[in-house]
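So the sequence shown is numbered by UniProt numbering: it starts at 1 and just counts up by one. Glycine residues also receive a C-beta, built at the ideal position from the N, C-alpha and C atoms.
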Amino acid sequence: MTGGPDEIPGPQLPGAVTGVTIALGCWLIVLSTHGDYGAPTGFDAVWNDRLVGLVAVALGLLRALGRVTLTVATTAGTAVGGWLVLAPLLLDYGFSTDSTLATLTDFAIGATTTALTVAGALDRGAGARPPADVDVVTRP
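Have a look at this one:
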């Protein structure tokens, strides 16, 4: 009998990565709209988080619909996460109380997105191989 309650058909982490990517993108958009990011100065943390949030939501939706390959999704997710980690330094958010929310949010969401994207890709790659504790018997 197959498909019992103990059997999980393939790796589950990539689906979770998709959902978390969409949720984190939405969180960036909402927080940049309602959070206190300090006084706006040109292209600042607010606009960066809105744009990156939209990109993250789009990436998550494309992953969910199966419109991108795992390699493209992993590369894009890692780029989005890496950008969020580096954005406070590259866009000079400053290191004051006004920029603390933006800096911490970008770093936390960027690190989470990068880690989950890479873990999802590694899990998907591991799903193609049998577990290490199972002996594979091949017929001649």
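From I22, H34, S32 and T113, pick the residue whose C-alpha is nearest to that of T74; which is it? Nearest C-alpha to T74 among I22, H34, S32 and T113: T113.
Cβ contact check for the segment 98 to 110 and the segment 58 to 69: 3 or more pairs under 8 Å: Flag = no, the segment 98 to 110 and the segment 58 to 69 do not touch.
Top-ranked residue by Cα proximity to A45, from G120, L86 and D123: Measuring C-alpha to C-alpha distances from A45 to each of G120, L86 and D123 identifies L86 as the nearest.
With the cut-off set at 7 Å, would you say L116 and V20 are in Cβ contact? Cβ distance < 7 Å, so L116 and V20 count as in contact.
State the DSSP-derived secondary structure class of S32, mapped to helix, strand or coil. Here S32 sits in helix by DSSP.
Quick one: Cα of H34 to Cα of A16, how far? Rounded to whole angstroms, the separation of the alpha carbons of A16 and H34 is 27 Å.
A39 burial status per 10 Å Cβ neighbour count (16 or more: buried): In the assembly as shown, A39 is an exposed residue. Its beta-carbon has fewer than 16 other beta-carbons within 10 Å.
How should G81 be labelled, buried or exposed, when 16 other C-beta atoms within 10 angstroms of its C-beta is the threshold for buried? Buried, by the Cβ-count rule.
Proximity to L91 [Cα-Cα], best of G25, G77, A111 and D49: The residue with the shortest Cα to Cα distance from L91 is D49.
Once the 5 residues before and after M1 are set aside, which same chain residues still bring their CB inside 6 Å of it? With a pLDDT of 46 at M1, under the threshold of 50, the predicted position of this residue should be treated as unreliable, and no value is reported.
What whole-angstrom Cβ distance do L84 and V118 have, given they're in contact under 8 Å? For L84 against V118, the beta-carbon gap comes to about 15 Å, at or over 8 Å, which does not count as contact.
Note down, one range per segment and in chain order, each beta strand (DSSP E) of at least 3 residues found wholly within the UniProt domain "SPW repeat-containing integral membrane" (18 to 117). The qualifying runs do not exist here; there are none.
Taking the C-alpha atoms as reference points, what is the distance between L122 and G25? Inter-residue distance for L122 and G25 is about 22 Å (C-alpha atoms, whole angstroms).
Report back the beta-carbon spacing between W47 and I109 to the nearest angstrom; my notes put them in contact at under 8 Å. Not really, about 16 Å apart at Cβ, beyond 8 Å.
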